[in-house]
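Numbering (this note's numbering), first residue to last: 4 to 359. All C-beta atoms in this analysis are idealised placements derived from N, C-alpha and C, irrespective of residue type, glycine included. A short write-up of the structure that comes next.
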């Protein structure tokens, strides 16, 4: 079935792209980037935003289609926006056109909607709730779509079209939240140090200086960078990007004794709260235990892709890590799911992480 929003415009294509992209998102920020553009194209929006509330009363802007207008709104209008209380208390639907709010006539007289919004080509507003939490409650995830004054208001056809993509967006939010919870409970630095020297791992301070290295890591570094166990400047620069929060994690590949080695960089905290960068060195295809690979008859390439799934990476991120195409990664993922007898990439990744 093809759905139509404005009499002539078919929205099946953009909305299908939103669904496909949402299935690969592993963070709320990725979901925001994957969904906003398609939704704006499908519904002729002049402005859109994707927000998250990490705790009650707060709002985190994860994506927007006009940074200038949204920045001005959050600086000067957000705290006094009369629609906040209306939407927060509205529990009859997860799709709320603003003009259907009981007090919309009063809200429309506010300077924000009478003067500022029209000047930004905004007249009609649609609120989309993607989590159980209501707007501005802890855990709330919301999308706001705005239409310009020369378009019509959001109506029945738009809500019908959105009802077909809402389940996928809600599932993506739950998946992203689960992955974020898993990341938040990663082992502390002290636990890392107690694990022993069987794995090639390092801990760096935020300046990139090595503060601890396992015996296995020292052997790899000595073979690759010399006896001082120093790191290359390129690897240190990746570590600094992770430390500064410019990227949530990073990969770096280099030649080492026995073949190519990958350095996987992430952050962890000590019990004091101090933040460090952890580095694990491995050959992608051997990161998973040999018995695990043999059990599911995984090829070297499939094992490397599964290692990426265990890190919560999207197909695009794995493709960049492997220096291959997204199509190839998708093929490997399909083979992995079939061999492991699981239905989702998240399930496969969780099983792989448990085996490591």
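Could you check if residue i is buried or exposed, using at least 16 other CB atoms within 10 Å of its CB as the buried criterion?
i	result
residue 348	buried
residue 166	exposed
residue 314	buried
residue 109	exposed
residue 27	buried
residue 145	buried
residue 25	buried
residue 249	exposed
residue 330	exposed
residue 352	buried
residue 157	buried
residue 164	buried
Candidates the options: which alpha carbon is nearest residue i's?
i	options	result
residue 57	312, 184, 129	184
residue 223	282, 270, 277, 176	282
residue 114	329, 98, 76, 150	76
residue 137	90, 214, 72	90
residue 121	146, 145, 141, 72	72
residue 1	43, 28, 87, 25	With the chain covering 4 to 359 only, the question about residue 1 has no answer from this structure.
residue 99	159, 82, 256, 16	159
residue 323	299, 269, 277, 254	254
residue 84	107, 265, 179	107
residue 16	42, 126, 130	42
residue 130	267, 63, 101, 280	101
residue 94	134, 226, 67	134
residue 211	203, 238, 204, 226	238
residue 356	219, 182, 143, 173	182
residue 154	48, 169, 112, 284	48
residue 333	174, 278, 319	319
residue 339	204, 298, 328	298
residue 284	277, 205, 331, 149	205
residue 203	267, 151, 169, 310	267
residue 296	103, 354, 221	354
residue 278	226, 221, 337, 214	214
residue 140	220, 316, 63, 257	63
residue 321	345, 265, 271, 294	265
residue 169	18, 225, 337	18
In this structure, does DSSP put residue i in helix, strand or coil?
i	result
residue 43	helix
residue 71	helix
residue 21	helix
residue 26	coil
residue 51	strand
residue 203	coil
residue 155	coil
residue 267	strand
residue 128	strand
residue 106	coil
residue 147	strand
residue 302	coil
residue 174	helix
residue 278	strand
residue 141	coil
residue 93	coil
residue 3	This structure leaves residue 3 out entirely; the chain is present only between 4 and 359.
residue 66	strand
residue 165	helix
residue 294	helix
residue 85	coil
residue 309	helix
residue 283	strand
residue 100	strand
residue 247	coil
residue 160	helix
residue 253	strand
Using 8 Å for Cβ pairs, my map puts residue i next to residue j. What's the rounded Cβ distance?
i	j	result
residue 305	residue 335	5 Å
residue 38	residue 65	Contact doesn't hold; Cβ gap of about 10 Å is too wide.
residue 147	residue 128	6 Å
residue 301	residue 241	The pair is not a contact, with the Cβ atoms about 27 Å apart (cut-off 8 Å).
residue 35	residue 46	At roughly 16 Å, the Cβ-Cβ gap does not stay under 8 Å, so residue 35 and residue 46 are not in contact.
residue 50	residue 20	At roughly 20 Å, the Cβ-Cβ gap does not stay under 8 Å, so residue 50 and residue 20 are not in contact.
residue 358	residue 291	6 Å
residue 124	residue 22	Going by Cβ atoms, the distance from residue 124 to residue 22 rounds to 28 Å, so no, they are not a contact pair.
residue 245	residue 269	7 Å
residue 97	residue 126	Between residue 126 and residue 97 the Cβ distance is about 22 Å, and since that is not below 8 Å, they are no contact.
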